[in-house]
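My numbering applies: residue 4 is where the sequence shown begins, and numbers increase by one.
To start, the structure itself, in structure tokens.
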Amino acid sequence: MKDKIGSNFSVRFRMRRRLLLLVVLLVALYVLVPQIGGLSSSLTALRGARPGYALAGLAAMGATYVVAAGTYWFLAKHGLQFSRTTLVQLSGAFVNRLLPAGIGGMGLNAQYLRTVGHSVPEAIAVVGANNVMGFLGNTAVVWLLLAFNHMSFQLKLPHVVGGWYIALGIGGVVAANLFFFPHLRRAIVHMASGVGQALGGYSRHPWRLVGALGTSMALTVLHVIALWCASQAIGVSLPLAAYAVIFSAGTLAAAATPTPGGLVGMEAGLAAGFVAYGVDAGQGLAIALLYRLVTYWLPLIPGFMAFTFVRRQLKLFY
Numbered sequence: 004m005k006d007k008i009g010s011n012f013s014v015r016f017r018m019r020r021r022l023l024l025l026v027v028l029l030v031a032l033y034v035l036v037p038q039i040g041g042l043s044s045s046l047t048a049l050r051g052a053r054p055g056y057a058l059a060g061l062a063a064m065g066a067t068y069v070v071a072a073g074t075y076w077f078l079a080k081h082g083l084q085f086s087r088t089t090l091v092q093l094s095g096a097f098v099n100r101l102l103p104a105g106i107g108g109m110g111l112n113a114q115y116l117r118t119v120g121h122s123v124p125e126a127i128a129v130v131g132a133n134n135v136m137g138f139l140g141n142t143a144v145v146w147l148l149l150a151f152n153h154m155s156f157q158l159k160l161p162h163v164v165g166g167w168y169i170a171l172g173i174g175g176v177v178a179a180n181l182f183f184f185p186h187l188r189r190a191i192v193h194m195a196s197g198v199g200q201a202l203g204g205y206s207r208h209p210w211r212l213v214g215a216l217g218t219s220m221a222l223t224v225l226h227v228i229a230l231w232c233a234s235q236a237i238g239v240s241l242p243l244a245a246y247a248v249i250f251s252a253g254t255l256a257a258a259a260t261p262t263p264g265g266l267v268g269m270e271a272g273l274a275a276g277f278v279a280y281g282v283d284a285g286q287g288l289a290i291a292l293l294y295r296l297v298t299y300w301l302p303l304i305p306g307f308m309a310f311t312f313v314r315r316q317l318k319l320f321y
């Protein structure tokens, strides 16, 4: 009987996963297909990109690994060697290309924490706290930039006709899943409880959370700078807060896309974000592709080298 129940649950899970994948692919097609006609203009814009800005974006991306190491340094239950932690974060540039967005990096960091004295619950708590700080840091940066720019952006939604219907459709799918599947609600409650326990463990050292929030905010700022550099390289200029909003949209799309590193989802989210702010579709796609070249593809080789080194030194995944 239990085997039958488990089998039915597995079938339902696979069906919902396929449904989610279908929804994501439809959204990606909705965003990208209208831009295929402008692909030649995107390639033209890329050929004319200013390399100085692209190099500046690459430098900002390099700094993200140092800042990410800082977040783990603050959150770790036991002392970490900063240089080695930085190499582990750089290794994530390779590992995250093998698995859907974030999963590879979380597994890598959990394994690393285990090798340096953390128990399994401690490692899970630290990785969970890092994810929470990442979300809070990103949200804080967006709202601070909006506040300092005194802006309430007027998105040119006619350029992306039906965008609101897509957002409502995705929200409807999520709401329906929560309503019709009690075990999913319980899983979310359990996850929220685990996050609360992870953060509660730092009650005796609140400065650690403050430091981790600061480095998480710096991480978002560096990604926003890299996106700004890609935009400047193509010859497009927007208010800085707009880049934070577009980056957040791209990150959300990547997280919802079950592909390594959020491939396709991130590009679609970024391109749609630029189009929503009135940027030409060809230029918006060119910016998204250049940003992903700097932040996704170019770090792949140094990430592989760092992963090979730390794997041998720390005997990870043996």
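C-beta atoms are modelled at their ideal positions from N, C-alpha and C, and glycine is treated no differently.
Would you please state the rounded distance, in angstroms, between the beta carbons of residue i and residue j? I believe it to be under 8 angstroms.
i    : j    : result
V227 : Q286 : Actually they are not in contact, since the Cβ atoms of V227 and Q286 sit about 18 angstroms apart, beyond 8 angstroms.
A126 : R117 : 5 angstroms
F77  : T218 : 7 angstroms
R100 : L273 : Rounded, the Cβ-Cβ distance is 18 angstroms, inconsistent with contact.
S234 : L241 : 7 angstroms
L288 : T67  : That belief does not hold up - the Cβ atoms of L288 and T67 are roughly 23 angstroms apart, past 8 angstroms.
M220 : A271 : 26 angstroms between Cβ atoms; not a contact.
How many angstroms separate the CA atom of residue i from the CA atom of residue j?
i    : j    : result
L149 : Y56  : 24 angstroms
A59  : K318 : 35 angstroms
G73  : G253 : 24 angstroms
A52  : L296 : 13 angstroms
A275 : Q316 : 42 angstroms
P305 : Y75  : 20 angstroms
G268 : A257 : 5 angstroms
V130 : P209 : 17 angstroms
L49  : G281 : 19 angstroms
L292 : Y205 : 40 angstroms
V145 : G65  : 22 angstroms
R314 : Y299 : 21 angstroms
V135 : F307 : 27 angstroms
K80  : N133 : 12 angstroms
F277 : M109 : 30 angstroms
L216 : G140 : 6 angstroms
A63  : A229 : 6 angstroms
G82  : V91  : 15 angstroms
A309 : G95  : 9 angstroms
L61  : I237 : 15 angstroms
N112 : L255 : 22 angstroms
A71  : T89  : 7 angstroms
L147 : V248 : 11 angstroms
L279 : Y246 : Position check: residue 279 holds Ala in this sequence, whereas Leu was assumed. Distance between the alpha carbons of A279 and Y246: 12 angstroms.
Given a threshold of 16 other Cβ atoms within 10 Å of its Cβ, counted over all protein chains shown, does residue i qualify as buried or as exposed?
i    : result
F138 : exposed
S122 : exposed
Q157 : Unreliable placement is indicated for Q157, whose pLDDT of 47 sits below 50; no coordinate value is reported for it.
L222 : buried
F85  : exposed
T311 : exposed
F250 : buried
W231 : buried
G120 : exposed
F97  : buried
G265 : buried
V213 : exposed
8 angstroms is my cut-off, CB to CB: does residue i come that close to chain D?
i    : result
G108 : Note that chain D does not occur in the displayed structure, where there is just one protein chain.
State yes or no: is the C-beta of residue i nearer than 7 angstroms to some heavy atom of the ligand SAM?
i   : result
T74 : Only the bare structure without any ligand can be found here, which leaves the ligand SAM out of the picture.
Of all the alpha helix (DSSP H) runs that stay within the bounds of the region 49-84, which reach a length of 4 or more residues?
Restricted to the region 49-84, the alpha helix (DSSP H) segments that are unbroken, complete and at least 4 residues in length are 54-78, listed in chain order.
Fully enclosed by the region 226-265, which alpha helix (DSSP H) runs are 4 residues long or longer?
For the region 226-265, the full-length alpha helix (DSSP H) segments reaching 4 residues or more read 243-258 along the chain.
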